[in-house]
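First up is the structure itself, then whatever we jot down about it.
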Amino acid sequence: MTIEMISSSAETIETPVSESGEIVFEHVSKTFATNSYPAVDQVSVRITAGDLVVLLGPSGCGKTTLLKMVNRLYEPDRGKIWIGGKEIHTLPVNELRRQIGYVIQQVGLFPHMTIQKNISIVPRLLGWEEKRINDRLEMLMQLIGLPVSYLPRYPRQLSGGEQQRVGLARALAADPEILLMDEPFAAVDAINRERLQTELIDLHSKLNKTILFVTHDVEEAFRLAKKIIVMRAGKLVQYGSPLELVTQPENEFIEELVGSNNILRKLSLVNVNSILKARENQSFYTSKFQPVEKPSTVLHPEDDLRSVISLLLCSGKDSLPVKDSEDQLLGMVGYSDLREMLISNLPSE
Amino acid sequence: MDLFLKAFEYYMDNQSFFWNATRQHLVLSSFAMVISLLIALPIGIWIAKRTGIAQVVINVFNAFRVVPSLAILFLALPYLGLGFFPSLIALTVLAFPPVLINTYAGIRGVDAFIIEAAVGMGMTKTQVMSKIEIPLAIPAIVTGIRIASVEVISSATLASFIGGGGLGDFITRGFALYDVPIMLVGAIPVALLALTSESFWSLFLRRYQIPEN
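Spelled out as C-alpha cells, the structure:
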C-alpha cells in the first residue's frame, strides 16, 4: 500500500505553473447602456494560475459579462483586471487577445477556412514560422484526438463534437496561459458533452492552463471545476471548491442551486477525490460532516428505498424505526436491509 | 426559319458593322460594370458597419432603380449630350443597386458569433473584414454582380437611342425599317451575351462553394 502510494505520487510530478496565468478581478463593475442595473457589480476575486474555475449562475447573472471583460470584448466601467500581475489595459487590445484562448458556445469556426487554417489563425497573426505552425498543428490534433487527415477538411464536414474539439485546438494554438470558455458544450448532445468534459479535465491536468469556464449547468460545473464562482444578479455570491459549496453553502440561493438539502444529489456532485482530499485535512472532515440531528426520523411502509437511504444518511444512524399510520412500530430498517434487498433478486409478485 | 436565314444573310453582308457593334456593346457594358463595382463595392462594405446611413444610401440607389433606364438616358441627354459617355453613366447607375444591396446584405449576414470569435482571437477590424466578412459575403456579392451584369448587357441596347452604339443599333434600325431579321441580328447576340455572363458568374459561384461532405 505504502509502496504503491509512493510510486504513484512520484509519477504525478506537477508541471510548474507559470504565474502569468493568474487572473485578478478588483472591484469590477459593468452596467450596459440598455439596463439600469449593473450586469457585474463590484466583483473582486483572485484566480490562481493553473486552476480550472467555473463561473456558475442563472442566465443574466453576469457570468459571461465577467468572462468577456478578461479579453476586453466588454470594458468594465469601474475596477481593474490583472493578468499575471499586469493590468489588461496596459497592453494593446489585440496583443492581449492573442495571448488568451477563447472558445464560444457556437464554436465559431470560420466556415470558409479548412481546419488547418482555422487552427493556425492566431499563430499566423503572431507571425510564427511555417515549420513551427505545422509542428504545432500536428501536436494539437494529437491532443484533441483527431486524425491529421482532418486538416484539409472544412468545419461543415465535421460533427458537432469534432468541431468543438477543433475550436479548443484553435484556442490553444498559440499556447496561451489562459483559456476563456463561454458555455462551450451547451449546444452539444448529452453523450458528446460528457466525453468533451472528460477530455477537458484530462487536457487541463496535462497542460496546466488557467481555464475560466462559464456554464449554467450545475452538474457540469461540479464535474469540471477545481473552484466555482457562483454569481447572481451581477454579484459574486460564493467562491469555493465544489465540496465547500455543498458542505458550507453561503446562503439559501447556493443551497438551492447545488441542492445541498438533497443528500442524494450531493452524492452525484462530489467525487471520490473530494473524500481523499478531505481526509488529508482531518479537522475539516470532523468539523464539517456533523450529521444533521433529526431524532424523530421515522420510516413508513410506503416510503421508497431512495428516500430511505436519503433519510438514513441524514440521520447519521445505521437503521431507523418503521411505523404505520397509527404510530405502531413495525420494525427497524437499515443499510444492511437495503443492500440485501438490492443484491438478492427483487421479490416476485 | 426563314427569318433566321434572312438574319444570317444580313449578318454576312454587314460583318464589319456587326463586330464593331458587338465590340461597342461589350466595352459599354463592361466599363459600366467595372465603374459601378469600383463605387458600389466600397460603399456597400462601408455602410455594412453603419446601419443608420445604410438605410438612407440604399433608399437613394433604389430610387434610381425605379426610374426606367430609358428615362435615365433621356434625362441625361440635356446635361451629358449624346453618345458613349451618357450611355455609360446611365448603365453604371443601373448596375449600382444590385451590387450595393447584395454587398451590404452579404456582410450583414455573417453570423455575429463568427465575428465575435474573430475579434476575440485578436484580429484587427481590417483583418476581420478582409479575412472573414468579405470572403463569407462573396456568394451574395457575386449574385449581385450576376444580376447587375445581365441587366446592364440587356439594357445597353437602349444606348442606341442616344447614339451610344452597340447591338441596339440593329434593333432600332430593324424597328425603323420594320424588318424583323435585322432586329434579330441585334437581339440574338444580346440574349447570348446575357446568358454567357449569367453562366460565367454561376460557374464562378459554384467553384467558390465550400464543399459539403
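Order-wise, the sequence lines are chains A and B. Under my numbering, the first residue of the first sequence is numbered 10, with each subsequent residue one higher. Under my numbering, the first residue of the second sequence is numbered 411, with each subsequent residue one higher. Every residue gets a Cβ at the ideal spot worked out from N, C-alpha and C, and that includes glycine.
Within chain A, partners of residue i - CB distance below 9 angstroms
{"i": "B:Ile-557", "result": "Simply none; closest approach about 22 angstroms."}
Cα-Cα separation between residue i and residue j, rounded to whole angstroms
{"i": "A:Gly-59", "j": "A:Glu-289", "result": "22 angstroms"}
{"i": "A:His-309", "j": "A:Val-267", "result": "28 angstroms"}
{"i": "A:Gln-51", "j": "A:Leu-254", "result": "21 angstroms"}
{"i": "A:Gly-340", "j": "A:Asn-282", "result": "37 angstroms"}
{"i": "B:Asn-512", "j": "B:Gly-530", "result": "27 angstroms"}
{"i": "A:Ser-29", "j": "A:Ile-187", "result": "9 angstroms"}
{"i": "A:Glu-228", "j": "A:Ala-196", "result": "15 angstroms"}
{"i": "A:Lys-126", "j": "B:Ala-522", "result": "20 angstroms"}
{"i": "B:Tyr-618", "j": "B:Val-437", "result": "27 angstroms"}
{"i": "A:Arg-162", "j": "A:Ile-130", "result": "16 angstroms"}
{"i": "A:Gly-343", "j": "A:Thr-219", "result": "45 angstroms"}
{"i": "B:Ser-540", "j": "B:Glu-419", "result": "52 angstroms"}
{"i": "A:Leu-216", "j": "B:Arg-556", "result": "51 angstroms"}
{"i": "A:Leu-177", "j": "A:Asn-201", "result": "14 angstroms"}
{"i": "B:Tyr-421", "j": "B:Leu-487", "result": "31 angstroms"}
{"i": "A:Asn-280", "j": "A:Gln-108", "result": "33 angstroms"}
{"i": "B:Arg-433", "j": "B:Gly-575", "result": "10 angstroms"}
{"i": "A:Glu-261", "j": "A:Leu-314", "result": "27 angstroms"}
{"i": "A:Leu-205", "j": "A:Thr-256", "result": "28 angstroms"}
{"i": "A:Gly-154", "j": "A:Ile-113", "result": "20 angstroms"}
{"i": "B:Val-503", "j": "B:Ser-446", "result": "7 angstroms"}
{"i": "B:Arg-616", "j": "B:Gly-454", "result": "23 angstroms"}
{"i": "A:Ala-287", "j": "A:Leu-252", "result": "9 angstroms"}
{"i": "A:Ser-296", "j": "A:Tyr-248", "result": "Residue confidence is low: A:Ser-296 scores 47 on pLDDT, short of 50, so the model does not pin down where it sits. Its coordinate-derived value is still stated next. Near 20 angstroms, if we compare the C-alpha coordinates of A:Tyr-248 and A:Ser-296."}
{"i": "B:Phe-585", "j": "B:Ala-431", "result": "17 angstroms"}
{"i": "A:Pro-330", "j": "A:Ser-324", "result": "12 angstroms"}
{"i": "A:Pro-258", "j": "A:Leu-245", "result": "13 angstroms"}
{"i": "B:Val-444", "j": "B:Val-538", "result": "25 angstroms"}
{"i": "A:Val-26", "j": "A:Arg-106", "result": "With a pLDDT of 46 at A:Val-26, under the threshold of 50, the modelled position of that residue is not reliable, and no figure is offered here."}
{"i": "B:Phe-495", "j": "A:Met-150", "result": "59 angstroms"}
{"i": "A:Leu-322", "j": "A:Ile-272", "result": "7 angstroms"}
{"i": "A:Tyr-159", "j": "A:Arg-145", "result": "15 angstroms"}
{"i": "A:Glu-358", "j": "A:Leu-209", "result": "Below a pLDDT of 50, predicted positions are generally treated as unreliable, and A:Glu-358, at 46, falls in that range; no measurement from the model is reported."}
{"i": "A:Met-14", "j": "A:Ala-230", "result": "The predicted position of A:Met-14 is uncertain, since its pLDDT is 41 and thus under 50; a value taken from the coordinates is nonetheless stated next. Cα-Cα distance, rounded: 29 angstroms."}
Proximal residues of chain B, C-beta to C-beta of residue i below 8 angstroms
{"i": "A:Pro-120", "result": "Ile-524, Leu-546, Ile-620"}
{"i": "A:Leu-46", "result": "The sequence given here has Tyr at residue 46 of chain A, not Leu. Within chain B, no residue comes near A:Tyr-46; the closest Cβ sits about 24 angstroms away, beyond 8 angstroms."}
{"i": "A:Tyr-111", "result": "Ala-527, Gly-530, Met-531"}
Where residue i meets chain B, residues with beta-carbon distance less than 7 angstroms
{"i": "A:Val-131", "result": "Met-531, Gly-532"}
{"i": "A:Gln-115", "result": "Phe-523"}
Within chain A, the residues that residue i reaches when beta carbons sit closer than 7 angstroms
{"i": "B:Phe-542", "result": "Phe is not the amino acid found at residue 542 of chain B; the sequence shown has Ile there. Simply Phe-119."}
Residue j beta carbon less than 9 angstroms from that of residue i
{"i": "A:Leu-76", "j": "A:Leu-64", "result": "yes"}
{"i": "A:Tyr-111", "j": "A:Asp-184", "result": "no"}
{"i": "B:Ser-448", "j": "B:Leu-568", "result": "According to the sequence shown, residue 448 of chain B is Leu rather than Ser. It is not a contact, given that the beta carbons lie outside the stated cut-off."}
{"i": "A:Ser-53", "j": "A:Pro-47", "result": "no"}
{"i": "B:Pro-599", "j": "B:Leu-613", "result": "no"}
{"i": "A:Leu-189", "j": "A:Leu-152", "result": "no"}
{"i": "A:Gly-243", "j": "A:Val-49", "result": "yes"}
{"i": "A:Gln-173", "j": "A:Pro-193", "result": "yes"}
{"i": "A:Glu-35", "j": "A:Lys-89", "result": "yes"}
{"i": "B:Val-477", "j": "B:Leu-510", "result": "no"}
{"i": "B:Ser-564", "j": "B:Thr-582", "result": "no"}
{"i": "A:Arg-81", "j": "A:Ile-97", "result": "yes"}
{"i": "A:Leu-233", "j": "A:Phe-222", "result": "yes"}
{"i": "B:Ser-497", "j": "B:Leu-485", "result": "no"}
{"i": "A:Pro-164", "j": "A:Ile-124", "result": "yes"}
{"i": "A:Ser-250", "j": "A:Lys-236", "result": "yes"}
{"i": "B:Leu-473", "j": "B:Val-595", "result": "A small correction: the amino acid at residue 473 of chain B is Ala; Leu does not occupy that position in the sequence shown. In this structure, B:Val-595 does not lie closer than 9 angstroms to B:Ala-473 by Cβ."}
{"i": "A:Lys-95", "j": "A:Ile-238", "result": "no"}
{"i": "B:Gly-532", "j": "A:Glu-84", "result": "no"}
{"i": "B:Phe-506", "j": "B:Ala-558", "result": "yes"}
{"i": "A:Lys-275", "j": "A:Val-307", "result": "no"}
{"i": "A:Gln-166", "j": "B:Pro-621", "result": "yes"}
Per-residue contacts from residue i into chain B (C-beta, under 9 angstroms)
{"i": "A:Leu-82", "result": "Glu-526, Val-529, Gly-530"}
C-beta neighbour in chain E for residue i, strict 9 angstroms
{"i": "A:Arg-179", "result": "Annotation note: the requested chain E is absent from the structure, which comprises protein chains A and B."}
Residues in the region 90-107 of chain A having any Cβ partner in chain B nearer than 9 angstroms = Hits within the stretch, in order: Val-102, Asn-103, Glu-104, Leu-105, Arg-106, Arg-107.
What residues in the region 505-535 of chain B bring their beta carbon closer than 8 angstroms to a beta carbon of chain A?
-> Asp-521, Phe-523, Ile-524, Glu-526, Ala-527, Ala-528, Val-529, Gly-530, Met-531, Gly-532, Met-533, Thr-534
Members of the region 132-160 of chain A that neighbour chain B once the beta carbon cut-off is set at 8 angstroms | Leu-134
Give the residues from the region 183-205 of chain A that approach chain B closer than 7 angstroms (Cβ to any Cβ), ordered along the chain.
-> none
Can at least three beta-carbon pairs, one atom from the region 116-125 of chain A and one from the region 85-102 of chain A, be found at a separation below 8 angstroms?
-> no
Cβ contact (3+ pairs, closer than 8 angstroms) linking the region 591-605 of chain B and the region 550-565 of chain B | When C-beta atoms of the region 591-605 of chain B are compared with those of the region 550-565 of chain B, three or more pairs fall below 8 angstroms, so the two segments count as touching.
Between the region 333-350 of chain A and the region 312-324 of chain A, do at least 3 Cβ pairs fall closer than 8 angstroms?
-> Segments in contact, yes.
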